[in-house]
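Under full-length UniProt numbering, the sequence shown has 967 at position 967, and the numbering climbs by one with no breaks.
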Amino acid sequence: MQLYSNRDYVASQVIFKKIKNTFDGASELKARSYYYEAFCAIRLKQKDADELMNAFFEKFPTSTKRNSAFLEVGDYYFKNRSYAYALKWFNKVNESHLTLYSQEEFSFKKAYALFAVGSFANSRKYFSQLLNSEKYGAQAKYYYGYMAYQDDDYTEADKYLNQIADDKSFNDDIPYYMANIKFKTGKFQEAIDAASPLLEKSNGIQKSELSKIIGESYFNLNDFEKAVPFLLGYEGKKGKWNNTDYYLLGYAYYQQKDYEEALIWFTKIIDGNNAVSQNAYYHLAECYLKSEKKQEALNAFRNAKQMDFNAEIKKDAWLNYAKLSYEIGNPYKSVAEVIQEYLAAYPEDLDQTEIKEYLVSAYLKANDYQGALEYLKNANAKDNDTYHKVAFLYGVQLFKQQEYKNAIENFNLSIETSTNTVYHVRSLFWKAESLYRLKNYEEALSIFQAFNSMAEAKESQEYEIILYHLAYTFFQLKDYNQAGGHFNEYIELGNDQNLINDSYLRLGDCFFALSSYFKAIPAYKKVIENNETDVDYAQLQIAFCYGYMGETEKKVSTLLEFTELNLKSTLRDDAFYELGNSYVKLNKVDEAMDAYNEVVTNYRMSSLVSKSLLKQGLVYFNADQNDAALNKYKTVVNSYPGTEEAKEAIANAKQIYVQQGRVDEYERFIQNLDFVNVTDEEIEGAMFSSAEQFYLTNNLDKSIESLKKYLERFPLGANALSANFFLADAYKRSDQLEKAIPYYQFILDKDKNQFTERSLVNVAYFYLDQENWEQAVLLLSRLEKEAETDQNIIFAQSNLMKGNYALKNFEVAVQYAEMVMKHPKLEPKIISDAQIIIARSAFETGDFLKAQDAFKVVEETATGELKAEAVYYDAFFKNEEGNYKLSNVSVQKLASELSPYRYWVGKGLVIMAKNFYELEDAYQATYILESVIQKFSDFEDLVQEARTELNRIKTLESKTNSSVIIEKE
Numbered sequence: 001m002q003l004y005s006n007r008d009y010v011a012s013q014v015i016f017k018k019i020k021n022t023f024d025g026a027s028e029l030k031a032r033s034y035y036y037e038a039f040c041a042i043r044l045k046q047k048d049a050d051e052l053m054n055a056f057f058e059k060f061p062t063s064t065k066r067n068s069a070f071l072e073v074g075d076y077y078f079k080n081r082s083y084a085y086a087l088k089w090f091n092k093v094n095e096s097h098l099t100l101y102s103q104e105e106f107s108f109k110k111a112y113a114l115f116a117v118g119s120f121a122n123s124r125k126y127f128s129q130l131l132n133s134e135k136y137g138a139q140a141k142y143y144y145g146y147m148a149y150q151d152d153d154y155t156e157a158d159k160y161l162n163q164i165a166d167d168k169s170f171n172d173d174i175p176y177y178m179a180n181i182k183f184k185t186g187k188f189q190e191a192i193d194a195a196s197p198l199l200e201k202s203n204g205i206q207k208s209e210l211s212k213i214i215g216e217s218y219f220n221l222n223d224f225e226k227a228v229p230f231l232l233g234y235e236g237k238k239g240k241w242n243n244t245d246y247y248l249l250g251y252a253y254y255q256q257k258d259y260e261e262a263l264i265w266f267t268k269i270i271d272g273n274n275a276v277s278q279n280a281y282y283h284l285a286e287c288y289l290k291s292e293k294k295q296e297a298l299n300a301f302r303n304a305k306q307m308d309f310n311a312e313i314k315k316d317a318w319l320n321y322a323k324l325s326y327e328i329g330n331p332y333k334s335v336a337e338v339i340q341e342y343l344a345a346y347p348e349d350l351d352q353t354e355i356k357e358y359l360v361s362a363y364l365k366a367n368d369y370q371g372a373l374e375y376l377k378n379a380n381a382k383d384n385d386t387y388h389k390v391a392f393l394y395g396v397q398l399f400k401q402q403e404y405k406n407a408i409e410n411f412n413l414s415i416e417t418s419t420n421t422v423y424h425v426r427s428l429f430w431k432a433e434s435l436y437r438l439k440n441y442e443e444a445l446s447i448f449q450a451f452n453s454m455a456e457a458k459e460s461q462e463y464e465i466i467l468y469h470l471a472y473t474f475f476q477l478k479d480y481n482q483a484g485g486h487f488n489e490y491i492e493l494g495n496d497q498n499l500i501n502d503s504y505l506r507l508g509d510c511f512f513a514l515s516s517y518f519k520a521i522p523a524y525k526k527v528i529e530n531n532e533t534d535v536d537y538a539q540l541q542i543a544f545c546y547g548y549m550g551e552t553e554k555k556v557s558t559l560l561e562f563t564e565l566n567l568k569s570t571l572r573d574d575a576f577y578e579l580g581n582s583y584v585k586l587n588k589v590d591e592a593m594d595a596y597n598e599v600v601t602n603y604r605m606s607s608l609v610s611k612s613l614l615k616q617g618l619v620y621f622n623a624d625q626n627d628a629a630l631n632k633y634k635t636v637v638n639s640y641p642g643t644e645e646a647k648e649a650i651a652n653a654k655q656i657y658v659q660q661g662r663v664d665e666y667e668r669f670i671q672n673l674d675f676v677n678v679t680d681e682e683i684e685g686a687m688f689s690s691a692e693q694f695y696l697t698n699n700l701d702k703s704i705e706s707l708k709k710y711l712e713r714f715p716l717g718a719n720a721l722s723a724n725f726f727l728a729d730a731y732k733r734s735d736q737l738e739k740a741i742p743y744y745q746f747i748l749d750k751d752k753n754q755f756t757e758r759s760l761v762n763v764a765y766f767y768l769d770q771e772n773w774e775q776a777v778l779l780l781s782r783l784e785k786e787a788e789t790d791q792n793i794i795f796a797q798s799n800l801m802k803g804n805y806a807l808k809n810f811e812v813a814v815q816y817a818e819m820v821m822k823h824p825k826l827e828p829k830i831i832s833d834a835q836i837i838i839a840r841s842a843f844e845t846g847d848f849l850k851a852q853d854a855f856k857v858v859e860e861t862a863t864g865e866l867k868a869e870a871v872y873y874d875a876f877f878k879n880e881e882g883n884y885k886l887s888n889v890s891v892q893k894l895a896s897e898l899s900p901y902r903y904w905v906g907k908g909l910v911i912m913a914k915n916f917y918e919l920e921d922a923y924q925a926t927y928i929l930e931s932v933i934q935k936f937s938d939f940e941d942l943v944q945e946a947r948t949e950l951n952r953i954k955t956l957e958s959k960t961n962s963s964v965i966i967e968k969e
């Protein structure tokens, strides 16, 4: 024990260990030897110290040293600040065996140990026993008050910390705690008074926290001007503010009408979803409005109306959101849908009438006539003038989409219910035009005539072109007298120069059809004089007129002039063929043969090649050059088997062979032809004539049945070519295009014939519908070379443009697009398609300057989705250039004017989010991206792009805002 008292624990432990077993089992000295041996181990920090002490307690459960041992061991650890170990032993102490004095000391130590390990609730229980202690009372009040402060029990904290506020033995934290307690208990002026003196002598974290207390106290006293500098003095937790901190500063500036400064702080609030955030977003929206930033205000009002913390703010935000959507458009859903949702949410609202007017206008503004019509029907507003207007506008929209039957239904709706004569007569006109497009010329004529006879029609814009449309309808009905008269009237009264030029052309055709060739010529000459379009056609028609008038020399000179002037005309083969026929008539054989040779040599894809060869054979035959004639006939038969020319060539060859007594040669000639079956010729002809009759009378089912039987019996018969085309066409007209393909292919496998061009077009349509671009491009390339009509050439080239783009042959796609653009009289849609292909291809190949220029042209000329795409790229390029505000203007245009095209609107919103972040508006950026992720989930690529950008922005913002939550991708 002497060694132990002298702290020579090693020597002491050795002796205790040596003598402990020399005492008998009941000796207290034995128990104490075990105890001190263990205690020496504790003091020496030996590994088995706890085991030795526990062994003592197990061996000597009745030892008088037991309770004091618990206390001594716990006290040892307490003094060494091992509070968790101290508590382990303090918890074993039987407190009832302690003296009153020992009880106070024990309570303090245990209370402090509990405090040290963060067990505030248990610690407060022990400190509460010491609050009135003479020795430990002050310390108990401090720790008790501090823990109450940390537990937000500010009443208790204020009570006990206030009692020791003047005690110099405690640190300087108490004044800070007292200031914060005053703030937390709503005693804001007292908080300011308490914190202000401390601010000057504090620094670091405490100075930051005191600034926050003073700033927020002034804020709660509505003294916003004084609040601002102190709010700015707060440095945040670990250098980060949170959303509430940003809100307080933003709102302080807002109350001082400094909206631009308020925006800076409000826009840093991200991921907010509480009452403070709802309030912040509402006032943020107001700041945007004050700053004329309506698109930004729309998003903020939308955010505020989505929260349920304050019903009044929610309703007002929703109303403003609906009105702003109507005013500037809505990128997330249709304006009509937004307004309908508001009306459903607040059916008793006093603003219902005004909002309902917005609703109909929103439908019309978005060109959603179908939606407007449905709404008006459900609202029982059929007697409303707006209903008739909408029915008419929807009909025109469907007409432009070439949905003529549906268009007629809506025109009828307007006609039947309309009290407004303007829309009544206009609907009549467009109904007639729809019928015309459906080739129902007789009914179209009847309605056009009714329109023309109505006095009210004279006030409509369509009245200016009624004569032109009447003329064309008569023209299609082959009533050339009436058609010519109306074309002539339009020439005298019309204003559209393009239509006037076309009227001259068709007036010439009317006279030509009526065999009034001397009258047709001046009309055709007028087309040539105007030098706009169809000049080559007019020149060729004049030549034909001279021919029919018996003025063959004039016909020849006109044709020669045509061939010299129109080097790129698709009608040159016709001109040379007619020139050959004219020379034959003038008995200029050599010139005739040269003209036919022009067709055969230079226009091999022309259907006139076989005719020219046949004509050359006839020339030779008439000149008694039978062998030369036979060579020509054989060329026709071998190169164009199954055609009408081949049949005529066989007949002419037969005549020569018979005349020359070479019948055996004729038979050998016939036997080598797989499309002629001499023995079954009559049966073959009869079967084909029967099938052909069904086809010509539009009995499609019967014609399919008969033609299939014919081809099974005579797969290579004389009429096999015609039979295959008729059967393919019958399947096509029966909406069974897939079944038609093998029969079209039979035709395409032969050399060019009269059915080749139409077969190429139809098979190309089939593969285009299936988006089988590889097959389509092969057919279209052939069609481009072999087509004889401008319409089919344009069809081929425009789809080769699309096909090559789809196959990523961008340079070839651009070549075709530029080629297409050179054609006159193109439909607006083809022009738009060509322009968009140029733009897209340039973008894909990285030629951004060319792409930007091309998309600008598309934006100016296109409509619908193509326009939406062009506007998106305008926003994209402006973002790339750093013109963020102008880029946002483009996205706003996209959202307000082209909202039905959701994919491009969504992509535009991602660009807008990037713009806002570059403009230091993190709120708009993140809110827009979150909305894209939520509202455009049907576009996976778009959502992924938005999510990636959102995480990028949030990662950057989380460095200064502790409220930001970053989601894993």
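Beta carbons are placed, not taken as given, at the ideal position from N, Cα and C, and that holds for glycine.
Inset, instruction - Starting from ASN961, follow its DSSP beta bridges and name the residues at the other end. - result: Counting from one through the sequence shown, the residue named residue 961 turns up at place 961. In the DSSP output, where bridge partners are listed per residue, ASN961 has TRP241.
Inset, instruction - Please list, in chain order, all residues of the same chain as GLU235 whose beta carbon is under 6 Å from its beta carbon, the five residues on each side excluded. - result: Here the question's residue 235 lines up with position 235 in the sequence shown. Listed in chain order, the non-local C-beta contacts of GLU235 below 6 Å within the same chain comprise SER208, local neighbours out to five positions each way being set aside.
Legend entry - LEU343 versus GLU296 - alpha carbon distance: Locating residue 343 in the sequence shown gives position 343, counting from the first residue. Locating residue 296 in the sequence shown gives position 296, counting from the first residue. Spanning the two alpha carbons is a distance of roughly 23 Å.
Legend entry - Alpha carbon of SER12 to alpha carbon of GLU37, nearest angstrom: Numbered from 1 along the sequence shown, position 12 holds the residue referred to as residue 12. Numbered from 1 along the sequence shown, position 37 holds the residue referred to as residue 37. The straight-line gap from Cα to Cα measures roughly 8 Å.
Legend entry - Start and end residues, alpha helix (DSSP H) containing ARG43: Locating residue 43 in the sequence shown gives position 43, counting from the first residue. ARG43 -> alpha helix (DSSP H) spans 28-43.
Legend entry - Residue from LEU721, TYR743 and ALA720 whose Cα sits closest to the Cα of TYR731: Indexing the sequence shown from 1 puts residue 731 at position 731. Closest by alpha carbon: TYR743.
Inset, instruction - Return the Cβ separation of ARG124 and TYR146 in integer angstroms, given the expectation that the two are a contact with Cβ distance under 8 Å. - result: Start at 1 with the first residue of the sequence shown, and residue 124 comes out as number 124. Start at 1 with the first residue of the sequence shown, and residue 146 comes out as number 146. That pair is no contact at about 10 Å.
Legend entry - Where PHE714 falls, given that 16 or more other Cβ within 10 Å makes a residue buried: On the sequence shown, position 714 is the one that residue 714 refers to. Residue burial is scored here from C-beta neighbours: PHE714 has at least 16 other C-beta atoms within 10 angstroms and is therefore classed as buried.
Inset, instruction - With a 10 Å radius around its C-beta and 16 neighbouring C-beta atoms as the bar for buried, classify ASN804 as buried or exposed. - result: The count along the sequence shown starts at 1 and reaches residue 804 at position 804. ASN804 is buried by the Cβ-count criterion.
Inset, instruction - Would you kindly report the start and end of the unbroken alpha helix (DSSP H) that includes ALA11? - result: Position 11 of the sequence shown, counted from the start, is the residue given in the question as residue 11. Membership of ALA11 in the alpha helix (DSSP H) is indicated by the continuous run 9-19.
Legend entry - DSSP state of ILE164 mapped onto helix, strand, coil: Your numbering for residue 164 matches position 164 in the sequence shown. ILE164 falls in the coil class under three-state DSSP.
Legend entry - MET549 - containing alpha helix (DSSP H), residue span: Against the sequence shown, residue 549 aligns to sequence position 549. Careful: MET549 lies outside any alpha helix (DSSP H) and carries neither H nor E.
Inset, instruction - Confirm, please, whether the CB-CB distance from VAL905 to LEU919 is below 8 Å. - result: Taking the sequence shown and counting its residues from 1, the one referred to as residue 919 is at position 919. Taking the sequence shown and counting its residues from 1, the one referred to as residue 905 is at position 905. Taking 8 Å as the Cβ cut-off, LEU919 and VAL905 do not qualify as a contacting pair.
Inset, instruction - Have a look at ALA764 and LYS314 and give me their C-alpha separation to the nearest angstrom. - result: The residue given as residue 764 occupies position 764 in the sequence shown. The residue given as residue 314 occupies position 314 in the sequence shown. Near 57 Å, if we compare the C-alpha coordinates of LYS314 and ALA764.
Inset, instruction - Specify, as a first and last residue, the run of the alpha helix (DSSP H) that HIS388 falls within. - result: Residue 388 sits at position 388 when you count from the first residue of the sequence shown. Counting along the chain, the alpha helix (DSSP H) containing HIS388 begins and ends at 385-400.
Legend entry - Exposure of VAL678, with buried meaning 16 or more beta-carbon neighbours within 10 Å: The residue labelled residue 678 in the question sits at position 678 within the sequence shown. The predicted position of VAL678 is uncertain, since its pLDDT is 49 and thus under 50; a value taken from the coordinates is nonetheless stated next. VAL678 should be labelled exposed.
Inset, instruction - Assign LYS808 to buried or exposed, taking buried as 16 or more other Cβ atoms, counted over all protein chains shown, within 10 Å of its Cβ. - result: Locating residue 808 in the sequence shown gives position 808, where the first residue counts as 1. It counts as exposed.
Legend entry - Continuous alpha helix (DSSP H) stretch holding ARG66: start and end: Position 66 of the sequence shown, counted from the start, is the residue given in the question as residue 66. Its alpha helix (DSSP H) spans residues 66-79.
Legend entry - LEU477 (DSSP reduced to helix, strand or coil): Walking along the sequence shown from the start, residue 477 turns up at place 477. LEU477: coil per DSSP, three-state reduction.
Legend entry - Extent of the continuous alpha helix (DSSP H) run through ILE465: Residue 465 sits at position 465 when you count from the first residue of the sequence shown. It is not in any alpha helix (DSSP H) - ILE465 carries neither H nor E in the DSSP assignment.
Legend entry - Nearest to GLU774 (by Cα), restricted to the options ASN762, THR789, ASN799 and ARG758: Within the sequence shown, numbered from 1, the residue matching residue 774 stands at position 774. The shortest C-alpha separation from GLU774 is found at ASN799.
Legend entry - Cα-Cα separation between ASP751 and MET593, rounded to whole angstroms: As a working mapping, residue 751 is identified with position 751 in the sequence shown. As a working mapping, residue 593 is identified with position 593 in the sequence shown. Using only the alpha carbons, I get a separation of about 23 Å.
Legend entry - As assigned by DSSP and simplified to three states, the class of GLN541: Numbered from 1 along the sequence shown, position 541 holds the residue referred to as residue 541. The three-state secondary structure of GLN541, taken from DSSP, is helix.
Legend entry - Three-state class that DSSP yields for VAL93 in the structure shown: Numbered from 1 along the sequence shown, position 93 holds the residue referred to as residue 93. Coil.
Inset, instruction - Taking 8 Å as the cut-off, decide whether the C-beta atoms of TYR903 and LEU950 are in contact. - result: Mapped onto the sequence shown, residue 903 falls at position 903. Mapped onto the sequence shown, residue 950 falls at position 950. Cβ distance not < 8 Å, so TYR903 and LEU950 don't count as in contact.
Legend entry - CA nearest to the CA of ASN698, picked from TYR83, SER734, ILE465 and ALA723: On the sequence shown, residue 698 is found 698 positions in, with the first residue counted as 1. Residue SER734 is the option with its Cα nearest to ASN698.
Legend entry - GLN736 to PHE725 span [Cα, whole Å]: Working through the sequence shown from its first residue, we reach residue 736 at position 736. Working through the sequence shown from its first residue, we reach residue 725 at position 725. PHE725 has its alpha-carbon roughly 14 Å from the corresponding atom of GLN736.
Legend entry - Length at least 4, wholly inside the stretch 864-940: the alpha helix (DSSP H) runs in chain order: Listed in chain order, they are 864-881, 884-897, 902-918 and 922-935.
Legend entry - Given 8 Å, three or more beta-carbon pairs between the stretch 827-834 and the stretch 852-866: Taking 8 Å as the limit for Cβ pairs, the verdict is that the stretch 852-866 does touch the stretch 827-834.
Inset, instruction - Please name the residue, chosen from ASN162, GLU553 and GLY118, that lies closest to ALA138 on a Cα-to-Cα basis. - result: As a working note, residue 138 is residue 138 in the sequence shown. Checking every option, the nearest Cα to that of ALA138 belongs to ASN162.
Inset, instruction - Note down the Cα distance separating LEU467 from ILE704, rounded to an integer number of angstroms. - result: Position 467 of the sequence shown, counting from 1, holds the residue named residue 467. Position 704 of the sequence shown, counting from 1, holds the residue named residue 704. So the two alpha carbons sit approximately 42 Å from each other.
Legend entry - Three-state secondary structure assigned by DSSP to MET1: In the sequence shown, counting from the first residue as 1, residue 1 sits at position 1. Coil.
Inset, instruction - For THR267, count neighbouring C-beta atoms within 10 Å of its own C-beta (all shown protein chains included) and say buried if the count is 16 or more, exposed if not. - result: Mapped onto the sequence shown, residue 267 falls at position 267. That one is buried.
Inset, instruction - Output yes or no for whether 8 Å exceeds the beta carbon distance between LYS935 and TYR326. - result: Taking the sequence shown and counting its residues from 1, the one referred to as residue 935 is at position 935. Taking the sequence shown and counting its residues from 1, the one referred to as residue 326 is at position 326. Against a cut-off of 8 Å, the Cβ pair of TYR326 and LYS935 comes out as no contact.
Inset, instruction - Alpha carbon to alpha carbon, how far is ASP151 from LYS226? Give it in angstroms, no decimals. - result: Here residue 226 refers to the residue found at position 226 when the sequence shown is read from its first residue. Here residue 151 refers to the residue found at position 151 when the sequence shown is read from its first residue. Cα atoms of LYS226 and ASP151: separation of roughly 30 Å, rounded to the nearest angstrom.
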